[in-house]
Amino acid sequence: MPATSAERMRAWHGPALLTYGFRPFFLLGALWAALAMVLWVFALSGTLDLPTRLDPVSWHAHAFLFGYLGAIIAGFLLTAVPNWTGRLPVVGWSLGALVALWVAGRAAVLVSAAFPVWVAPAVDLSFPLALGAVILREIVAGRNWRNLVVLALLGVFALANLAFHVEALRGIHAAQGVGLRLGLSTVIVMIALIVGRIVPSFTRNWLVKRGATALPAPPMQRFDRATLLATALALLVWTLLPGNPASGAALLVIAMLHSVRLARWRGHRTGAEPLVAVLHVGYALVPLGALALGLATLRPGLVDPASAQHVWMAGATGLMTLAVMTRATLGHTGQALRADRVTVAIYGLLLGSVAARLLAGLMPGHLGHHVSAVLWIGAFAGFAAAYGPLLASPKRETAR
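So the mapping is simple: my numbering equals the position in the sequence shown, first residue as 1, plus 348.
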């Protein structure tokens, strides 16, 4: 058996796409994000009837929260866990089987009207369960108990997906149900936990190379842990009592806490390198989303709740995943860690999409939604076009 990850990947003689978890899941996730939005635009305009048991809005929400994000979470974890545990990565047909489960879930939900009611949920949930089993095996074998919390969050995410399906089968508008809020809350906690580790570290490394002396606060200090606890409690209240003033007040509190946390990371000094700066911009959408949702709860006439929720759904999750996907792809394929013009354009398109969605209420008809959708498609199709060749090709030995 090969002794190292590199040797194991070299021993695989199949497609390069199956040599590391980030490769298939980042590429297919981006393609799905673009394709699903195309389908949504046609459904929104009334020119396409989606063959799904879900109502169109619920399918749209599920496709991105549990479909797209499920893929990106898988790609990240299957790449990060070997670093956490010191064990070999999942490669080859074992990785291909996980990819096939994810693809089957997307297809099953999309055409669920053609099958008995239990088929789509069963097929869709098989992927997070299989992924969880793989991650559990690796964490236990590597005795990496510190990251069991990540596995627990993955379990809650799968539970939220189940709740979404159950609500839909009971005739509840799942796009506004507990399952969606629980899933979104779990993703925000993941961002706060995992990205809260890497942003200050990446920022510190970049600033040190430039000779800076004012550096970010180290990750996971007492303030960070208190912020994470407050975030989990506030999101639990919002998940269970979304219209309650207590949830609105709690969201405003965590908006303040995450703003302070972000300021401690010295992001204002990273403008010269978009690959680092975008991590701070993406994280800034976490407190901004909490602020928008808090105001939407306490002053619904001031902020539209659906638009406020999109600050998290499309903004924080969309930009942060693109930030991680671009950086991880460059780093793990042997490229220089620099954002070129295409990469900066991808970030800009995503931010433009979020802005257009927030302003959609001020535009006639569905114009704002359509503008937002076109920019979203451009961002993810752009990622697939620019980074697809890197993801599908063997790793370069040295960076340019």
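Backbone N, C-alpha and C fix where the C-beta goes; we use that ideal spot for every residue, glycine too.
Quick caveat: nothing in here was measured; it's all calculated off a predicted structure.
Spatial neighbours of R545 in its chain, beta-carbon cut-off 7 Å, leaving aside the 5 residues before and after: Position 197 of the sequence shown holds residue 545. Taken in chain order, the residues that qualify are P567, M568.
Compute the Euclidean distance between the alpha carbons of W724 and W613, then round it to the nearest angstrom. Position 376 of the sequence shown, counted from the first residue, corresponds to residue 724. Position 265 of the sequence shown, counted from the first residue, corresponds to residue 613. Cα to Cα, the separation comes out at about 28 Å.
Cα separation between V659 and L706? Indexing the sequence shown from 1 puts residue 659 at position 311. Indexing the sequence shown from 1 puts residue 706 at position 358. Between the alpha carbons of V659 and L706 lies a gap of roughly 8 Å.
Pick out whichever of R401, A381, V439, L375 has its Cα sitting closest to the Cα of G362. Translated into the one-based positions of the sequence shown, residue 362 becomes position 14. Of all alpha-carbon atoms in R401, A381, V439, L375, the one lying nearest the alpha-carbon of G362 is that of V439.
In terms of residues, what are the limits of the alpha helix (DSSP H) holding P635? Stepping through the sequence shown from its first residue, residue 635 is reached at position 287. Bounds of the alpha helix (DSSP H) holding P635 are 622-646.
Starting from A761, follow the alpha helix (DSSP H) in both directions and report where the run begins and ends. Any question about residue 761 goes unanswered here, given that the chain covers just 349 to 748.
With K557 as the anchor, note down where its alpha helix (DSSP H) starts and where it stops. On the sequence shown, residue 557 is found 209 positions in, with the first residue counted as 1. Per DSSP, the continuous alpha helix (DSSP H) segment holding K557 begins and ends at 544-557.
Would you call the CB atoms of L646 and G596 closer than 7 Å? Walking along the sequence shown from the start, residue 646 turns up at place 298. Walking along the sequence shown from the start, residue 596 turns up at place 248. A contact, by the Cβ cut-off of 7 Å.
Please work out which residues of its chain come closer than 6 Å, Cβ to Cβ, to A727, disregarding the five sequence neighbours upstream and downstream, and give them in chain order. Taking the sequence shown and counting its residues from 1, one reaches residue 727 at position 379. Taken in chain order, the residues that qualify are I694, L697, L698.
Between the CA atoms of S701 and A364 - distance to the nearest angstrom: Within the sequence shown, the letter at position 16 stands for residue 364. Within the sequence shown, the letter at position 353 stands for residue 701. Cα to Cα, the separation comes out at about 32 Å.
Enumerate in chain order the residues of its own chain whose CB-to-CB distance from A740 is below 8 Å, with the five nearest sequence positions on each side excluded. The residue you call residue 740 lines up with position 392 of the sequence shown. So the list reads P363, A364, L365, R371, L375, once near-sequence residues are dropped.
Of all Cβ atoms in chain C, is any one closer than 7 Å to the Cβ of V457? You won't find chain C in this structure, because it holds only one protein chain.
Using a Cβ-Cβ cutoff of less than 7 Å, which residues in the same chain neighbour T618 once the five nearest sequence positions on both sides are dropped? Counting from 1 along the sequence shown, the entry for residue 618 is found at position 270. Only T551, W554, V624, A625, H628 meet the Cβ criterion.
Indicate whether the contact test is met: 3 or more Cβ pairs, each with one atom in the segment 397-408 and one in the segment 509-523, closer than 8 Å. Enough Cβ pairs lie closer than 8 Å, so yes.
How would you call W466, buried or exposed, if buried means at least 16 neighbouring beta carbons within 10 angstroms? Here residue 466 is taken as the residue at index 118 of the sequence shown, counted from 1. Residue burial annotation: W466 is exposed, with fewer than 16 other C-beta atoms found within 10 angstroms of its C-beta.
Is the segment 450-458 touching the segment 407-417 in the sense that three or more CB pairs, one from each, lie closer than 8 Å? Proximity of the segment 407-417 to the segment 450-458 meets the contact definition, three or more beta-carbon pairs being nearer than 8 Å.
C-alpha gap between A644 and L479, whole angstroms: Taking the sequence shown and counting its residues from 1, one reaches residue 644 at position 296. Taking the sequence shown and counting its residues from 1, one reaches residue 479 at position 131. Roughly 35 Å separates the two Cα atoms.
Kindly indicate which residue of A461, G453, P622, L530 has the alpha-carbon position closest to the one of A470. The residue you call residue 470 lines up with position 122 of the sequence shown. Taking only the C-alpha atoms, the option nearest A470 is G453.
Give me the Cβ distance between W450 and G418, rounded to the nearest whole Å; I'm assuming they're in contact under 8 Å. The residue you call residue 450 lines up with position 102 of the sequence shown. The residue you call residue 418 lines up with position 70 of the sequence shown. Beta-carbon to beta-carbon, W450 and G418 are separated by about 7 Å, close enough to satisfy the 8 Å threshold.
8 Å contact criterion, which G716 and A708 should meet: CB distance rounded: Within the sequence shown, numbered from 1, the residue matching residue 716 stands at position 368. Within the sequence shown, numbered from 1, the residue matching residue 708 stands at position 360. About 3 Å separates the two Cβ atoms, so the contact holds.
Cβ shell of L496 (< 8 Å), same chain only, five flanking positions each side left out: The residue you call residue 496 lines up with position 148 of the sequence shown. Here the set comprises I487.
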